[in-house]
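Written out below as structure tokens is the structure these notes cover.
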Amino acid sequence: MGVEDGRKHPLVFAYYVTGHGFGHATRVVEVVRHLINAGHDVHVVTGAPDFVFTTEIQSPRLFLRKVLLDCGAVQADALTVDRLASLEKYSETAVVPRDSILETEVEWLNSIKADLVVSDVVPVACRAAANAGIRSVCVTNFSWDFIYAEYVMAAGIHHRSIVWQIAEDYSHCEFLIRLPGYCPMPAYRDVIDVPLVVRRLHKSRKQVREELGIGEDVKVVILNFGGQPAGWKLKEEYLPSGWLCLVCGASNSQDLPPNFIKLAKDVYTPDLIAASDCMLGKIGYGTVSEALAYKLPFVFVRRDYFNEEPFLRNMLEQYQGGVEMIRRDLLTGHWRPYLERALTLRPCYEGGSNGGEVAARILQDTASGKSYISNKLSGSRRLRDAIVLGYQLQRMPGRDLWIPDWYANAETELGLRTGSPTAEMRDDSFLMDSYQEDFEVLHGDLLGLPDTVSFLKSLAKLDAAYDTVKNTGKREIRERTAATALFDWEEDIFVTRAPGRLDVMGGIADYSGSLVLQMPIREACHVAIQKIHPGKERLWKHAQARKLAKGDGPTPVLQIVSFGSELSNRGPTFDMDLSDFWDGEQPMSYEKARNYFAQDPSQRWAAFVAGTILVLMKELGIRFENSISMLVSSAVPEGKGVSSSAAIEVASMSAIAAVHGLKIPPRELALLCQKVENHVVGAPCGVMDQMTSACGESTKLLAMVCQPAEVLGLVDIPSHIRFWGIDSGIRHSVGGTDYGSVRVGAFMGRRIIKYIASTLLSQSLSANGMTPDDVEEDGVELLESEALLDYLCNLSPHRYEALYSKVLPETLLGETFVEKYADHNDPVTVIDMKRNYGLRAAARHPIYENFRVKAFKALLTSATSDDQLTALGELMYQCHFSYSACELGSDGTDRLVQLVQEMQHSKMSKSVEGTLYGAKITGGGSGGTVCVVGRNCIRSSEQIFEIQQKYKSATGYLPIIFEGSSPGAGKFGHLRIRRRNTSNKN
66 MGVEDGRKHP
76 LVFAYYVTGH
86 GFGHATRVVE
96 VVRHLINAGH
106 DVHVVTGAPD
116 FVFTTEIQSP
126 RLFLRKVLLD
136 CGAVQADALT
146 VDRLASLEKY
156 SETAVVPRDS
166 ILETEVEWLN
176 SIKADLVVSD
186 VVPVACRAAA
196 NAGIRSVCVT
206 NFSWDFIYAE
216 YVMAAGIHHR
226 SIVWQIAEDY
236 SHCEFLIRLP
246 GYCPMPAYRD
256 VIDVPLVVRR
266 LHKSRKQVRE
276 ELGIGEDVKV
286 VILNFGGQPA
296 GWKLKEEYLP
306 SGWLCLVCGA
316 SNSQDLPPNF
326 IKLAKDVYTP
336 DLIAASDCML
346 GKIGYGTVSE
356 ALAYKLPFVF
366 VRRDYFNEEP
376 FLRNMLEQYQ
386 GGVEMIRRDL
396 LTGHWRPYLE
406 RALTLRPCYE
416 GGSNGGEVAA
426 RILQDTASGK
436 SYISNKLSGS
446 RRLRDAIVLG
456 YQLQRMPGRD
466 LWIPDWYANA
476 ETELGLRTGS
486 PTAEMRDDSF
496 LMDSYQEDFE
506 VLHGDLLGLP
516 DTVSFLKSLA
526 KLDAAYDTVK
536 NTGKREIRER
546 TAATALFDWE
556 EDIFVTRAPG
566 RLDVMGGIAD
576 YSGSLVLQMP
586 IREACHVAIQ
596 KIHPGKERLW
606 KHAQARKLAK
616 GDGPTPVLQI
626 VSFGSELSNR
636 GPTFDMDLSD
646 FWDGEQPMSY
656 EKARNYFAQD
666 PSQRWAAFVA
676 GTILVLMKEL
686 GIRFENSISM
696 LVSSAVPEGK
706 GVSSSAAIEV
716 ASMSAIAAVH
726 GLKIPPRELA
736 LLCQKVENHV
746 VGAPCGVMDQ
756 MTSACGESTK
766 LLAMVCQPAE
776 VLGLVDIPSH
786 IRFWGIDSGI
796 RHSVGGTDYG
806 SVRVGAFMGR
816 RIIKYIASTL
826 LSQSLSANGM
836 TPDDVEEDGV
846 ELLESEALLD
856 YLCNLSPHRY
866 EALYSKVLPE
876 TLLGETFVEK
886 YADHNDPVTV
896 IDMKRNYGLR
906 AAARHPIYEN
916 FRVKAFKALL
926 TSATSDDQLT
936 ALGELMYQCH
946 FSYSACELGS
956 DGTDRLVQLV
966 QEMQHSKMSK
976 SVEGTLYGAK
986 ITGGGSGGTV
996 CVVGRNCIRS
1006 SEQIFEIQQK
1016 YKSATGYLPI
1026 IFEGSSPGAG
1036 KFGHLRIRRR
1046 NTSNKN
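In our numbering, the protein residues as written are 66 to 1051.
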């Protein structure tokens, strides 16, 4: 980096580094190295260890000053930020001592005669520079006002002055040198974009491997994971055979297996990264930038509550460099499929990686008096950043950040592009034209559903985006790029819709034959589908390559795009040859299908969609001769216990049936979808979820006896009664161990009850010397029916208490049960011989729940009174505590139910007419959503909001509220649409 004549030499830079992790310090090293090589003095203010800087820079012009002026984000554990603690720590570090900090920093800056203050990205440094009369510049990809803003939303507005102060401090900065993967930063007046800042390599891959004694034929993963989870023990079996793992940041006391190599604390990681075959770790600027620059596949695990991450993650995935690992699989050592998947990636980042040099040149010129401020696009850029920041704060709690597609990469005066991708935002807020102008509806009725209108608008946007990509070559994010080429826009497209459900009463008793009452919720899944003649579809590049490799002619292909994949642990696309579903002349077995979809963890979600095709093949003998393109977009949040999987299954099968002209009644379709979940996905659920999604209607409860699926009818929700769902924030999974073990316990209980009834019957008959035909006594007839008991719920509570409750064991070892009874006769669960199952509570729950649901249904049609509501609420409370007896409760759902009870019994509620009357955990339990019953009035809604805020204050999590309902898939039917004016599009 040259120095122009007449320039002061050396210049003096004061470089402030945030205390958040090593990533900021390591990128600062690269900028500082270029400044020092140009002959300048750099004073670095940091809390990072000296070796981070001195390993790379050995120069008397480098001065390290150990001062920490911010704290970054405080970690609750290795993968979760403690939002409230972060704000409190920042207040303690930077707000309380602010006056003394400013006084000290101004005095120090003047003492070293600093020409320029550089911050990455310490807020108070900019204000101190202004007070000292020195220009300042920030170098970063995010700022703390953006990160902390959401923490304030969660922690309370009394913390908001922190964000205002940080933004005000940044506003004193002259301009921002913005790095790729940037977040919105409206506080800065002007912006200059630079390429990736990446540390240089010192050694070749071959040199590093030779020094470590690792051959070229050995696969190496580098575990670059700062702050590893407490008590986490790495095990030899975590790695595939023949692999080695280089471990960064391991403690001195940590013992590692022979296939794990502990690296020194001060090791120079860029050389090791470039010598590895893939990297495993958390997303941060340092890891992502070096993975992209060295074209190293990156297996990453998400962190909670750090919103720099979606931007970096999208950049990583844009250049095909990332595989997301589910946190559970990281901690339990299920690494193999992710590592093997990583080796198939071909990272394609071709942008610059000399951002350190470019940034240093800009800083040098600025310190010498050059002005880079343009203001040409500053107003529009800051407005754009402010809008995205606003959406960040208004999004639904628990959802990842959406970024509008118009939040594009900036081009700067230097003619540089950041290489940072744009991320996805729901399109309905930005499409001004009505859907009628986009599509002609040839069949069906939207039923006035606003989410369906929004979905059609998003389809229109995709069509426009396809033209843009085709005509300009402009790249979109991965899922949008894939979706734009999914359909032939001149042909008909079919659209279906299926809602999630709120379990009002019945819950896990469904698999024991209970009556259930379920409400379809407002949130739903939409599927757009088109069948295309083989050979005429637009195949994705890897699918084309697969076809060429096989040497096949045109054969049917399934291509699926899942919108919103950034909200969950899944890849955005899935494709397969439909011939893969055939095993010789027969459709493959369900067991083979489960294994097929499980081979890539990031694409397990496809089993819910593609599994519907296999079920139709096996159960109805359907043959699919055409290619199928599907776009799935679900607003039903996952893991909340509101049947997100059922909504996807029902919407998908409805779409496949519609596009192929199959007439499947809603009840039959629901039963087929249950087979998808039970046999293809492998989750042992009952049928009520799919039945509600398929057969439900708005503002009504679906009443169904699950033997296996008899719809009794629809029960009107009285106008004075209302139901809400409140999400606990604790992820629910019907495939979880607790749910499955309780189901096994219930079926064990049924088998033992049948055995006891048979024994009693035999004893009764032999004592009287009679045959069953000789007697008509009620007692013997009851024993006969109980000896043949097909569903637990057909046993009345009084009979259970009279004959069986005291005989059933509290718990029973699987091995002991099998020795005596052979089998529990449940086709979707398997007994673990070594597991001790809770049996009595699991059997008792459905017997009593069936009675409670019948009483609940009768009460809904009784006279309107406070007693009616009180009785409904009491039945819900009883159900909730019965779940807990089965060990299917959770701290979060218990807290929500307790808050409802406290609200119900408060003095204020007693002084006026009560509004909330009861609550219960829903669905499969172990987290998820609580259902609340109350009076349909404004005060009830206010109390629900109060509970939401109290829960947030206690836990730091703001619950999602589910209210309102919508029609099921059967009522909606399907839409057949065609794009208008396809030949005249602009």
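Glycine included, every Cβ here is placed at the ideal spot set by N, Cα and C. Small disclaimer: the values here were computed from a predicted structure and weren't measured.
Inset, instruction - Could you have a look at residue 429 and say whether DSSP puts it in helix, strand or coil? - result: helix
Legend entry - Whole-angstrom distance between residue 234 and residue 135, CA atom to CA atom: Straight through space, the alpha carbons of residue 234 and residue 135 are spaced by roughly 13 Å.
Legend entry - Coarse secondary structure for residue 78, derived from DSSP in three states: strand
Inset, instruction - Just tell me which of 124, 113, 111 and 110 has its CA closest to the CA of residue 103. - result: 124
Legend entry - Bridge-paired residues (DSSP) for residue 183: 80 and 202
Inset, instruction - Just the C-alpha distance for residue 197 and residue 79, rounded to the nearest angstrom, thanks. - result: 12 Å
Legend entry - Limits of the unbroken alpha helix (DSSP H) element including residue 911: 905-925
Legend entry - Reduced DSSP category for residue 929 - H, G, I as helix; E, B as strand; rest coil: coil
Inset, instruction - With a 10 Å radius around its C-beta and 16 neighbouring C-beta atoms as the bar for buried, classify residue 331 as buried or exposed. - result: exposed
Inset, instruction - Specify whether the region 722-736 and the region 654-665 touch according to this definition: at least 3 beta carbon pairs, one from each stretch, less than 8 Å apart. - result: The region 722-736 and the region 654-665 do not touch, with fewer than 3 CB-CB distances between them shorter than 8 Å.
Legend entry - residue 209 - DSSP class collapsed to helix/strand/coil: Three-state result, residue 209: helix.
Legend entry - Cβ pair residue 148, residue 794 closer than 8 Å: no
Legend entry - Validate contact between the region 944-953 and the region 803-811 using beta carbons, cut 8 Å, 3 pairs: Inter-segment contact for the region 944-953 and the region 803-811 is present: three or more beta-carbon pairs are separated by less than 8 Å.
Inset, instruction - Can you grab the Cα-Cα spacing for the pair residue 176 / residue 159, in whole Å? - result: 22 Å
Legend entry - residue 259 versus residue 424: straight-line alpha-carbon distance, rounded: 7 Å
Legend entry - Span separating the alpha-carbon of residue 243 from that of residue 205: Approximately 6 Å, taken between the alpha carbons.
Inset, instruction - Would you identify the three-state DSSP class for residue 680, choosing helix, strand or coil? - result: helix
Inset, instruction - Classify residue 192 as helix, strand or coil using the three-state DSSP reduction. - result: helix
Inset, instruction - From the DSSP output, in three-state form, read off residue 279 for me. - result: Here DSSP, grouped into helix, strand and coil, assigns residue 279 to coil.
Inset, instruction - Could you spell out the range, first to last residue, of the beta strand (DSSP E) harbouring residue 982? - result: 981-986
Inset, instruction - Kindly indicate which three-state DSSP category residue 507 falls into: helix, strand or coil? - result: strand
Legend entry - residue 755, enclosing alpha helix (DSSP H) - first and last residue: 753-760
Inset, instruction - To the nearest angstrom, report how far apart residue 486 and residue 229 are at their CA atoms. - result: In this prediction, residue 486 scores a pLDDT of 25, lower than 50, which makes its location untrustworthy; the coordinate-derived value is nonetheless stated afterwards. Each residue's Cα considered, the two are about 28 Å apart.
Legend entry - Ranges of the alpha helix (DSSP H) found wholly within the region 343-417, counting only runs of at least 4: 350-358, 374-383, 392-397 and 401-407
Inset, instruction - Flag this pair as yes or no: are the beta carbons of residue 934 and residue 921 separated by less than 8 Å? - result: no
Legend entry - Uninterrupted beta strand (DSSP E) stretches inside the region 546-590 (no shorter than 3 residues): 558-570
Inset, instruction - Tell me whether the beta-carbon of residue 506 lies closer than 8 Å to the beta-carbon of residue 878. - result: no
Legend entry - Residue span of the beta strand (DSSP E) that contains residue 602, given as start and end: No beta strand (DSSP E) contains residue 602, which DSSP labels as neither H nor E.
Inset, instruction - Mind checking which residues open and close the alpha helix (DSSP H) that includes residue 959? - result: 956-969
Legend entry - residue 251 - DSSP class collapsed to helix/strand/coil: coil
Legend entry - Sub-8 Å separation of residue 256 and residue 345 beta-carbons: no
Inset, instruction - Find the nearest neighbour of residue 827 within the set 553, 852 and 694, judged by alpha-carbon distance. - result: 852
Inset, instruction - In angstroms with no decimal places, state the Cα-to-Cα distance between residue 186 and residue 290. - result: 22 Å
Inset, instruction - Taking 8 Å as the threshold, find out whether the region 586-599 comes into contact with the region 555-563 through three or more Cβ pairs. - result: yes
Inset, instruction - Mind the definition here: the region 687-700 touches the region 990-1009 only if three or more C-beta pairs lie below 8 Å; say whether that holds. - result: no
Legend entry - Rounded straight-line distance, which links the Cα of residue 940 to that of residue 816: 28 Å
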